[in-house]
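Residue numbers (full-length UniProt numbering): 1 to 252. Quick reminder that beta carbons are idealized off the backbone N, C-alpha and C, glycines included. A quick note: this is a predicted structure, and the numbers were derived from the prediction, not measured.
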């Protein structure tokens, strides 16, 4: 299946600190590429995989489930772990959920987590109907491109594949059930105006992960990694890595 131009994965080998970046549901690596390049420019080894079914056509995504997306980021984590002394994980939206799941599963092997507008609960009425709708309709209107900054477009599907969406509740349930396993430092960026993910997810994290630091974004919508607060996220994540890594960055 041909890729959308710009949806290609991104990898950069640098120093002994690695960061795995996870893009969001129906999105692509394009939404994370500026963040990846910023970290790479500061001596971080970066892996930004394209999750199966993303960056092509929404029909292709309907052949995939959350287990497929998780398997891809799990594989990328294993590669980073094999060449880096320390690995951090980060993600946007559902990518933040995948990053949290990786940290729950791998424990001390992950040094810290950065999540931007993470989605970890079923708080959209249409999503609650997805397990039933999947038998009747293949897609519904998409949730992409929630960006405040003029002239910026997220490379993502205009339709939400319902069969793929119907697999999300089981992932959300797993992540919520294991939040107590998170012992790593956690930095969460939360847009005060988000038209895709409601504040419920961040509220759950705030309540159940005591070491979480929540930073509010006042000038961005959901896809904050492409929005007006993007540089704040990039610089803040770099400071987070410097603070919690036990080995130095290759260069500044």
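Give me the Cα-Cα distance between residue i and residue j, rounded to the nearest whole angstrom.
i           : j           : result
residue 252 : residue 62  : Reliability fails at residue 252, whose pLDDT of 48 lies under 50, so the model's placement of it is uncertain and no value is given.
residue 88  : residue 139 : 34 Å
residue 95  : residue 194 : 16 Å
residue 204 : residue 170 : 17 Å
residue 15  : residue 137 : 47 Å
residue 215 : residue 2   : 38 Å
residue 241 : residue 160 : 34 Å
residue 228 : residue 181 : 33 Å
residue 122 : residue 247 : 38 Å
residue 21  : residue 141 : 26 Å
residue 225 : residue 219 : 12 Å
residue 266 : residue 72  : Residue 266 falls outside the range modelled here, since the chain spans only 1 to 252, and no answer is possible.
residue 208 : residue 98  : 17 Å
residue 221 : residue 143 : 12 Å
residue 68  : residue 25  : 12 Å
residue 188 : residue 74  : 21 Å
residue 152 : residue 111 : 32 Å
residue 244 : residue 17  : 11 Å
residue 173 : residue 107 : 18 Å
Can you tell me which residues form a DSSP beta bridge with residue i?
i           : result
residue 116 : 92, 189
residue 213 : 187
residue 22  : 91
residue 159 : 141
residue 10  : 48
residue 86  : 17
For chain B, find out if any of its Cβ atoms is closer than 9 Å to the Cβ of residue i; answer yes or no.
i           : result
residue 194 : The structure shown has no chain B; it contains just one protein chain.
Given that a residue counts as buried once 16 or more other Cβ atoms are within 10 Å of its Cβ, and exposed if not, what is residue i?
i           : result
residue 196 : buried
residue 164 : buried
residue 210 : exposed
residue 118 : buried
residue 29  : buried
residue 239 : exposed
residue 19  : buried
residue 53  : buried
residue 198 : exposed
residue 192 : exposed
residue 158 : exposed
Beta carbon of residue i, beta carbon of residue j: below 9 Å?
i           : j           : result
residue 109 : residue 81  : yes
residue 105 : residue 186 : no
residue 120 : residue 184 : no
residue 41  : residue 4   : no
residue 58  : residue 167 : no
residue 100 : residue 77  : no
residue 45  : residue 92  : no
residue 83  : residue 13  : yes
residue 147 : residue 27  : no
Open item on the list: Does the contact criterion of 3 or more C-beta pairs under 8 Å hold for the stretch 226-239 versus the stretch 30-38?
Closed with: Touching, yes, given that three or more Cβ pairs across the two stretches are closer than 8 Å.
Task: Three CB pairs or more closer than 8 Å across the stretch 6-20 and the stretch 45-57 - done: Enough Cβ pairs lie closer than 8 Å, so yes.
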